[in-house]
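In order, the protein sequence lines correspond to chains A and B.
Just add 22 to wherever you are in the first sequence, counting from 1, and you've got the working numbering.
Just add 76 to wherever you are in the second sequence, counting from 1, and you've got the working numbering.
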Amino acid sequence: MHAYRPDRVVRLLSALATAAYGVAWVFAVFLLVALPLGKLLAGRAQGSSSGWSVQLGIGGVAVSAGTGGGFRVEVPVTLAHTLTRLPAWRDAGGRLRVTEVKATASVPMSSLSAGTVVLLWAALAVFLALVLLFLYQLRRLFQRVRQGEPFDPGNAVRLRWLGILLVAAAVWKGVTDFWLSLVVSRLLEGPGNDLGTTFGLDGAVIMVALVLIALAEIFRRGAALEDEQALVV
Amino acid sequence: MAIQVRLERLLAARGMTLTELSERIGITLANLSILKTNKARAIRFTTLEALCRELRCQPGDLLAYEDGAEARAEPDGAPGAV
């Protein structure tokens, strides 16, 4: 039996996984330091909305700092919106149904309470931990494949963990997006603003996670077969 | 394993080393060692054929069934003896 040799695509993906892991660590450290630091320094840097700014984020949440606007946190929000003014073609039988609006709320740190920043930090820390664990397992998986051991028993365990982490990250992101959207929609409530929010999960991500967990079982069987085959002369 | 491979005995009888046999039949030394030490789980017919050809023996000379036997080194003796 010929020994397995990974092709160029596998080697490239392995390098990308390693790079992504390193970059994710940089992003994670920056965000977890920048968020509380931004709150502490919020009162010092205030100004107009013009000027340069640097923004770094992951999973939709970002912290920005710059000469204009001071420290800000950018969070994704999904709001349910009802149109009260309809276009003229409605009378001719046309319809326009807006179910949700996706937006980015750019909130100055000085406007956020300390409690909100703490909760946001905790939510971000959990999400970043899940992302880093996912990328770590992915990197190890590709390393073993590159070393010519695709059916390493550890890879079956890693694939299962990848599926579980993907589901956990998708659910956690859904929960935090819902909470952030709820906070922002309440802040924006008022005359002329009829806003609500809904909880949603990315179905495609959940499906991919299930595929990974199924693949883990296939790899477990593959590892057992390879182990048996190794002692066939 | 109850199936014992009497490779070492046959090699001694033919005056051949494991390395020479490995080169003649194109099977790695590592795999032949697995066979010799009774650690193999299965043997392909193509391998059995190559061994019988080079060692000028029958499959029955090479393989023996010993009920309750554990993997151990072969005792010295004439080739083909059961």
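All residues carry an ideal CB built from backbone N, CA and C; glycine is no exception.
Being a predicted model, the structure only gives us computed values, none of them experimental.
Separation of residue j from residue i, as counted between CA atoms
{"i": "A127 (chain A)", "j": "L142 (chain A)", "result": "14 Å"}
{"i": "F241 (chain A)", "j": "D199 (chain A)", "result": "34 Å"}
{"i": "R139 (chain A)", "j": "L155 (chain A)", "result": "It should be noted that the sequence gives Val, not Arg, for residue 139 (chain A). Cα to Cα, V139 (chain A) sits roughly 24 Å from L155 (chain A)."}
{"i": "N114 (chain B)", "j": "S36 (chain A)", "result": "39 Å"}
{"i": "W111 (chain A)", "j": "R119 (chain A)", "result": "13 Å"}
{"i": "R132 (chain B)", "j": "S98 (chain B)", "result": "15 Å"}
{"i": "W248 (chain A)", "j": "I110 (chain B)", "result": "This sequence places Glu at residue 248 (chain A); Trp is not what is there. Cα to Cα, the separation comes out at about 16 Å."}
{"i": "V48 (chain A)", "j": "L57 (chain A)", "result": "14 Å"}
{"i": "Q169 (chain A)", "j": "L152 (chain A)", "result": "26 Å"}
{"i": "G116 (chain A)", "j": "L63 (chain A)", "result": "51 Å"}
{"i": "A168 (chain B)", "j": "G144 (chain B)", "result": "The structure shown does not extend to residue 168 (chain B), since chain B is modelled only from 77 through 158, so no value can be given for it."}
{"i": "D137 (chain B)", "j": "L86 (chain B)", "result": "8 Å"}
{"i": "G185 (chain A)", "j": "F149 (chain A)", "result": "15 Å"}
{"i": "R256 (chain A)", "j": "E96 (chain A)", "result": "Given that chain A is displayed from residue 23 to residue 255, the structure contains no residue 256 (chain A) and the question cannot be resolved."}
{"i": "G69 (chain A)", "j": "A136 (chain A)", "result": "Because G69 (chain A) carries a pLDDT of 46, less than 50, the predicted location of this residue cannot be relied on, and no value is offered for it."}
{"i": "V51 (chain A)", "j": "L59 (chain A)", "result": "12 Å"}
{"i": "I235 (chain A)", "j": "G244 (chain A)", "result": "14 Å"}
{"i": "K61 (chain A)", "j": "S132 (chain A)", "result": "7 Å"}
{"i": "S72 (chain A)", "j": "S207 (chain A)", "result": "Caution is warranted here: a pLDDT of 48 is assigned to S72 (chain A), below 50, making its placement in the model unreliable, and the coordinate value is therefore given only provisionally. In a straight line, the C-alpha of S72 (chain A) is about 26 Å away from that of S207 (chain A)."}
{"i": "L157 (chain A)", "j": "T95 (chain B)", "result": "46 Å"}
{"i": "A246 (chain A)", "j": "L34 (chain A)", "result": "28 Å"}
{"i": "Y26 (chain A)", "j": "P175 (chain A)", "result": "16 Å"}
{"i": "A41 (chain A)", "j": "E130 (chain B)", "result": "53 Å"}
{"i": "T93 (chain B)", "j": "Q134 (chain B)", "result": "19 Å"}
{"i": "L202 (chain A)", "j": "P172 (chain A)", "result": "41 Å"}
{"i": "E142 (chain B)", "j": "L127 (chain B)", "result": "21 Å"}
{"i": "E239 (chain A)", "j": "L134 (chain A)", "result": "46 Å"}
{"i": "V233 (chain A)", "j": "A190 (chain A)", "result": "15 Å"}
{"i": "L83 (chain B)", "j": "T122 (chain B)", "result": "16 Å"}
{"i": "L108 (chain B)", "j": "P28 (chain A)", "result": "27 Å"}
{"i": "G70 (chain B)", "j": "K112 (chain B)", "result": "Lying outside 77 to 158, the shown extent of chain B, residue 70 (chain B) is not represented and no answer is given."}
{"i": "G44 (chain A)", "j": "F221 (chain A)", "result": "32 Å"}
{"i": "A106 (chain B)", "j": "M77 (chain B)", "result": "19 Å"}
{"i": "A67 (chain A)", "j": "V55 (chain A)", "result": "Confidence at A67 (chain A) is low in this model, with a pLDDT of 49, below 50, so its placement is unreliable and the value that follows should be read with caution. Distance between the alpha carbons of A67 (chain A) and V55 (chain A) is about 17 Å."}
{"i": "P130 (chain A)", "j": "A114 (chain A)", "result": "45 Å"}
{"i": "A147 (chain B)", "j": "A46 (chain A)", "result": "For A147 (chain B), the predicted structure reports a pLDDT of 47, less than 50, and the residue's modelled location is therefore unreliable. A value from the coordinates is still provided. The straight-line gap from Cα to Cα measures roughly 51 Å."}
Integer Cβ distance of residue i from residue j, believed to fall under 8 Å
{"i": "L124 (chain B)", "j": "I79 (chain B)", "result": "Between I79 (chain B) and L124 (chain B) the Cβ distance is about 12 Å, and since that is not below 8 Å, they are no contact."}
{"i": "Q159 (chain A)", "j": "W183 (chain A)", "result": "5 Å"}
{"i": "L223 (chain A)", "j": "G196 (chain A)", "result": "5 Å"}
{"i": "V167 (chain A)", "j": "V32 (chain A)", "result": "6 Å"}
{"i": "R180 (chain A)", "j": "A39 (chain A)", "result": "No, R180 (chain A) and A39 (chain A) are not in contact; Cβ-Cβ is about 12 Å, not under 8 Å."}
{"i": "V227 (chain A)", "j": "A178 (chain A)", "result": "Rounded, the Cβ-Cβ distance is 21 Å, inconsistent with contact."}
{"i": "F163 (chain A)", "j": "A231 (chain A)", "result": "Per the sequence presented here, residue 163 (chain A) reads as Leu, with Phe not at that position. Their Cβ separation, rounded to whole angstroms, is 15 Å, which puts L163 (chain A) and A231 (chain A) out of contact at 8 Å."}
{"i": "L146 (chain A)", "j": "L53 (chain A)", "result": "6 Å"}
Within chain E, the residues that residue i reaches when beta carbons sit closer than 8 Å
{"i": "R120 (chain B)", "result": "This model lacks chain E altogether; the protein chains it does include are A and B."}
Extent of the continuous alpha helix (DSSP H) run through residue i
{"i": "L108 (chain B)", "result": "105-112"}
{"i": "K61 (chain A)", "result": "30-62"}
{"i": "P135 (chain B)", "result": "135-138"}
{"i": "R168 (chain A)", "result": "136-168"}
{"i": "A126 (chain B)", "result": "121-131"}
{"i": "S133 (chain A)", "result": "Taken as a continuous stretch (DSSP letters only), S133 (chain A) belongs to no alpha helix (DSSP H), as it is neither H nor E."}
{"i": "R100 (chain B)", "result": "94-101"}
For residue i, the residue or residues it bridges with in DSSP
{"i": "A116 (chain B)", "result": "According to DSSP, which records beta bridges pairwise, A116 (chain B) is partnered with nothing at all."}
{"i": "Y141 (chain B)", "result": "B:I79"}
{"i": "E239 (chain A)", "result": "The partner list for E239 (chain A) (beta bridge, DSSP) is empty, contrary to what the question assumes."}
{"i": "E248 (chain A)", "result": "Answer by DSSP bridge pairing: none, since E248 (chain A) is not bridged."}
{"i": "V197 (chain A)", "result": "According to DSSP, V197 (chain A) bridges with nothing at all."}
{"i": "V263 (chain A)", "result": "The requested residue 263 (chain A) does not occur in the structure, where chain A is confined to residues 23 to 255."}
Bounding residues of the beta strand (DSSP E) (the contiguous stretch that carries residue i)
{"i": "S128 (chain A)", "result": "123-130"}
Are the segment 240-254 of chain A and the segment 104-119 of chain B in contact at 8 Å, needing three or more beta carbon pairs?
yes
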